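Notes follow the structure.
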Amino acid sequence: MTNPPAIHLAIIQPAGYVHSLGFLDQARYFRHMFRRQGTQVTMAKNRLREDAVNFVFGAHLGFPADWQERNACVFVNLEQLGAGGASVSPDYLELLRRSAVVDYDAANVAAYTQDPADVPIVSFGYASYLDKPALALEERDIDLLFFGSMNPRRQQFIDRVEAAGFNVATFDAPVYGPERDEFIGRAKAVLNCHFYESNRFEQARAFHCLSLGTPVISEYTPTTDPAPAFVDSILWLPEQVEEWFRLHFGTPAFYEEARKRLAAFRTPDAAHDPIEPYADLLAFAGGFQQGFARIRDTGPWRPRAINLGSGKDYKPTWLNVDILDRAEPDLVLDLGQPVTLPYAAPTRMGGTVLLEQGSLELIYANNVLEHVPDLPMLMTNALALLKVGGAFSIEVPYEKALTAWQDPTHLRALNENSWLYYTDWFWYLGWFEHRFEIAKSQWLDANVQPCEKPDAAFMRVALRKIATTPRERTTARTMRADFGGLDSDEQFVADEAIALI
């Protein structure tokens with residue numbers, strides 16, 4: 101196709117949720133297949149691009165509906181859906197019903213649409229980027245490796261294999277990416293067993309192992325129905341699992357058969373190389389992008405909320421701001437420096453943002469204020485950006501806790517009196533018409549749970565922007581070095597002078 105759209109691959113990862121790393125294998129394969137067709141591909145965690153078609157992995161973990169207002173999204177469903185499949189939320193199924201979706205198995209489609217023709221189906225094949233020198237199968241020190249979620253069905257299957265006299269290695273903690281691949285490369289074979297009663301073949305896992313040069317041994321049921329690339333590439337087990345392992349596994353015949361299966365997976369034919377379905381998918385993405393462009397708002401993004409010091413705490417639909425580019429914020433901006441409003445700037449993710457005075461409903465700063473050299477300037481900018489009634493939600497280490505100075509980059513410690521200049525003594529900062537009030541204050545323990553003051557490791561404070569009262573402004577005029585911004589009356593004098601001519 102001519103002028104293919106730019107593609108962005110987004111993996112959804114709730115804060116600290118390690119299992120989202122499991123989508124790296126499939127996202128890398130999508131990247132590889134799109135790059136083979138000459139299109140530009142980027143990839144990120146929890147971040148969408150306005151200037152690309154976003155293929156979203158892991159949306160069942162949570163996806164804000166309004167994120168689609170400015171971003172063209174195609175959702176990659178890798179969950180087994182329908183009878184006997186995964187228990188997903190109604191919100192996820194509704195998201196699939198009203199959105200563009202690509203699936204890896206046609207059997208899933210009926211769970212979210214009545215027209216299967218609307219959903220492109222793609223499978224996985226040989227990933228050449230994983231082809232590296234590997235140990236001979238006979239020299240590997242792990243007999244069988246199993247990885248993935250465990251349930252009674254899988255445990256029972258593993259018990260049957262071990263009853264045949266072979267040890268099945270498993271991980272005692274989640275391991276993904278290159279760290280897991282190292283163990284795959286040490287295994288004579290990876291063992292595959294279905295998790296759900298739907299018995300759909302786990303091709304999204306198997307392709308990666310086969311591409312690394314490790315055979316996959318899998319159970320086979322009447323409803324397994326593997327994609328064509330795996331029919332002759334997997335060592336399918338008969339019903340007599342124990343007998344097969346006792347008589348066949350680890351023998352010269354096994355190694356010969358395993359190498360034939362690995363070679364079959366690399367066959368460059370239509371059955372094993374799904375380049376045509378991915379070409380169709382890229383064309384689908386191009387058409388979707390054109391349709392989306394006709395309905396999206398082309399003006400600058402006017403965010404309602406800002407997340408300061410985003411980093412690992414990235415918040416979808418918010419403007420995520422950081423002073424460090426390596427934190428991959430939407431916008432590199434230091435609110436601890438003077439900022440002239442309105443402020444317009446290009447964002448990292450291909451759009452434009454416009455910040456205006458009194459435009460924000462919420463600013464959030466999680467363990468940020470203790471790092472800021474000029475904190476009064478940051479607070480002044482926050483006050484200017486918030487609308488009246490808007491909130492500045494803050495979490496900081498408590499001065500008397502060990503958390504106050506555990507980070508070598510901390511510049512200050514804070515306590516319950518650290519907010520006085522922003523609430524009661526606002527005139528010292530040059531503020532006049534608006535100030536903050538404390539809307540809520542809470543002590544938090546080392547696990548960031550509510551506690552009493554003696555056990556506090558952190559403070560959580562919500563400051564609300566309010567208009568100053570006439571009495572407060574009078575006090576400000578009294579306490580300031582000047583008179584608090586009186587009119588110069590120069591225009592009145594000029595008008596009188598003109599009248600006398």
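Residue numbering for the sequence shown follows my numbering, beginning at 101 and increasing consecutively. Just so you know, even glycine gets a beta-carbon here, dropped at the ideal spot from N, CA and C. Note that the structure is a prediction, hence the values are computed from the model and not measured.
{"Check": "Sequence-distant residues of the same chain with beta carbon closer than 6 Å to I423, five excluded per side", "Outcome": "D434"}
{"Check": "Nearest candidate by alpha-carbon position, reference S298, set A513, Y117 and Q180", "Outcome": "Q180"}
{"Check": "Local conformation of C309 per DSSP, three classes", "Outcome": "helix"}
{"Check": "Own chain, CB closer than 7 Å to V468, minus 5 neighbours either side, in chain order", "Outcome": "L408 and G409"}
{"Check": "Beta-bridge pairing of E495 - partner residues as DSSP gives them", "Outcome": "N466 and R560"}
{"Check": "Selection from H108, D332, F257 and Y192 that minimises the alpha carbon distance to E339", "Outcome": "F257"}
{"Check": "Among E537, F526 and K565, nearest to T574 - alpha-carbon criterion", "Outcome": "F526"}
{"Check": "Within the stretch 310-365, ranges of the alpha helix (DSSP H) (whole runs, at least 4 residues)", "Outcome": "328-331, 341-347 and 352-365"}
{"Check": "Nearest to A183 (by Cα), restricted to the options Y521, M579 and A210", "Outcome": "A210"}
{"Check": "Under the three-state DSSP convention, the category E302 falls into", "Outcome": "coil"}
{"Check": "Unbroken stretches of the beta strand (DSSP E), 3 residues or longer, contained in the stretch 215-286", "Outcome": "242-245"}
{"Check": "Continuous alpha helix (DSSP H) stretch holding P476: start and end", "Outcome": "L475 to L485"}
{"Check": "DSSP three-state assignment for D397, whether helix, strand or coil", "Outcome": "coil"}
{"Check": "Closest by C-alpha distance to T480, when choosing among A445, R535, L520 and E495", "Outcome": "R535"}
{"Check": "Cβ contact (3+ pairs, closer than 8 Å) linking the stretch 538-558 and the stretch 481-499", "Outcome": "yes"}
{"Check": "Start and end residues, beta strand (DSSP E) containing D422", "Outcome": "L419 to D422"}
{"Check": "Best match in N515, P416 and T321 for proximity to A159 [C-alpha to C-alpha]", "Outcome": "P416"}
{"Check": "Stretch pair the stretch 136-155 + the stretch 165-173: three plus CB contacts closer than 8 Å", "Outcome": "yes"}
{"Check": "Under the three-state DSSP convention, the category G458 falls into", "Outcome": "coil"}
{"Check": "Nearest-angstrom beta carbon gap, R240 and R286 [assumed within contact, 8 Å]", "Outcome": "5 Å"}
{"Check": "Residues near A327 in its chain [Cβ-Cβ closer than 7 Å; skip 5 each side]", "Outcome": "S223 and Q303"}
{"Check": "Reduced DSSP category for P377 - H, G, I as helix; E, B as strand; rest coil", "Outcome": "helix"}
{"Check": "Outcome for G585 when other beta-carbon atoms lying within 10 angstroms are tallied against a minimum of 16", "Outcome": "exposed"}
{"Check": "Unbroken beta strand (DSSP E) run spanning Y414, endpoints", "Outcome": "Looking at the DSSP string, Y414 is not in any beta strand (DSSP E), and its letter there is neither H nor E."}
{"Check": "Assigned secondary structure, F536 (DSSP; H/G/I helix, E/B strand, else coil)", "Outcome": "strand"}
{"Check": "Those residues which DSSP pairs with N177 across a bridge", "Outcome": "D203"}
{"Check": "Rounded separation between Y528 and V488 - CA only", "Outcome": "20 Å"}
{"Check": "Status (buried if at least 16 other CB within 10 Å, exposed otherwise) for M579", "Outcome": "exposed"}
{"Check": "Identity of the residue in D191, F583 and V331 nearest A364 by Cα", "Outcome": "V331"}
{"Check": "Per DSSP, cross-strand counterpart(s) of H108", "Outcome": "T142 and N154"}
{"Check": "Own chain residues within Cβ distance below 6 Å of F354, not counting five before or after", "Outcome": "H348"}
{"Check": "Supposed close pair A393, Q137 - CB separation, criterion 8 Å", "Outcome": "About 21 Å separates the two Cβ atoms, so there is no contact after all."}
{"Check": "K232 versus L310: straight-line alpha-carbon distance, rounded", "Outcome": "12 Å"}
{"Check": "P442 beta carbon less than 8 Å from that of L431", "Outcome": "no"}
{"Check": "Buried versus exposed, by CB contacts within 10 Å (16 or more), A217", "Outcome": "exposed"}
{"Check": "For L161 and I112, believed in contact at Cβ under 8 Å, the rounded distance", "Outcome": "5 Å"}
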